[in-house]
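Input: a single structure, listed below in structure tokens.
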Amino acid sequence: MQENRSNCGDIAGPLNGIEGTVEKIINKHKDKSDGLYLVLQDVQDQLGTMSEAVVHQIADGFGLQPNDVLGMISYFPLIKPAPPAKYKISVCLGTNCYLHGSAQLLERLSRELTLEPGETSPDGKFSLEVVRCLGSCALSPVIMINDVIYPQVESDKIAEIINSCK
Ligand code: FES
């Protein structure tokens, strides 16, 4: 997939759910010398797992690469990354997609899957995450399932798209 982030920004609304919880934990510890470890420990304690989206959020919070965070996780065996879901659904909330209704797509997906962004379904089938641009702005709003881009998605097609994954 080609990357083109030049027209995209972040105008998503207030943080909520897991993303908001992780943000609070990062803010609590990020200025401490052992802040990354404390964040990983608190996230594990409060969420019980460490999804890929959470790893990315923590990495962003500390100005690190996700692999740096994964390296730290592997060093502490009590902290466990969640296995990847079979269907990883990413909803773009970059500027173009947001202006074309991607927040409503996220809300619909969240309702249909009973998942908040950053969560994985208990059966490991679906995960839901927010991204800021998928490099396909001309096709907005887009979602991506694994590596497949779904262009110009309409909210009333969400159930059909989910069913096609089953
Ligand atoms: S804003 Fe660029 S793909 Fe969504």
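Residue numbers (my numbering): 439 to 604. Heads up, the beta-carbon is just placed ideally off N, CA and C, and yes, glycines get one too.
Q.
Distance check for G473 and K524, CA to CA, integer angstroms please.
A. 32 angstroms
(Q) What residue range does the alpha helix (DSSP H) around M510 cover? (A) 504-513
Q | Span of the beta strand (DSSP E) around L572 | A | In the DSSP assignment, L572 falls outside any beta strand (DSSP E), carrying neither H nor E.
Q) DSSP on T459, reduced to helix/strand/coil? A) helix
Q: Alpha carbon to alpha carbon, how far is I587 from S605? Give it in angstroms, no decimals.
A: Examination of residue 605 is not possible in this model, given that the chain is present from 439 through 604 alone.
Q) Between P555 and P589, what straight-line distance do the alpha-carbon atoms span, to the nearest angstrom? A) 20 angstroms
Q. Counting along the chain, where does the alpha helix (DSSP H) carrying C609 start and finish?
A. No answer is possible for residue 609: the residues shown for the chain start at 439 and end at 604.
Q: Grab me the residues of S565's own chain with a C-beta within less than 6 angstroms of its C-beta, minus the 5 sequence neighbours each way, in chain order.
A: A523, K526, T558
Q.
Taking 6 angstroms as the limit between beta carbons, can you name the residues of its chain near M582, skipping five residues before and five after?
A. S528, L572
Q) Measuring CA to CA, which of D498, E545, Y475, Y536 is closest to S512? A) Y475
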